[in-house]
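Right, dumping it as structure tokens:
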């Protein structure tokens, strides 16, 4: 009498191997996600800052005062994603835009340690500072 199939010990060994591989792989995946969120936040702050500087150049040195997309009025005129970021949480970072005709401050702060580790701030003149 021959039986086909796996024994309980064989199945337990396979499950243990899968659990070991998962224990090794999951922390690496989380680290990659944090790195990606941080890189995206840095790029987004830089893009918003560049848009504000471009707006200033086109408007006799005056900076945008809001994120609207109305032609010639707001930051959204030069970067259409401005309303999607300013005052919003995107990819684990909360974006804050303080806009005035004399200058601006744009920052991206991580929501938690699982979403990012560095806060980025850009101020008038396009200076990007990691905190």
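Numbering (the numbering used here), first residue to last: 315 to 445.
Idealized CB from N, CA, C, for every residue including glycine.
None of these values were measured; they are calculated from a predicted model.
Cβ-Cβ distance between residue i and residue j below 7 Å
i, j, result
"residue 403", "residue 419", "no"
"residue 440", "residue 367", "yes"
"residue 428", "residue 351", "no"
Closest Cα partner of residue i within the set the options
i, options, result
"residue 396", "407, 406, 411", "411"
"residue 434", "409, 372, 318", "409"
"residue 382", "376, 398, 339", "398"
"residue 363", "373, 332, 351, 377", "377"
"residue 413", "324, 389, 407", "389"
"residue 365", "354, 380, 342", "380"
Three-state class that DSSP yields for residue i in the structure shown
i, result
"residue 406", "coil"
"residue 361", "helix"
Start and end residues, alpha helix (DSSP H) containing residue i
i, result
"residue 396", "396-399"
Continuous beta strand (DSSP E) stretch holding residue i: start and end
i, result
"residue 422", "417-424"
"residue 442", "441-444"
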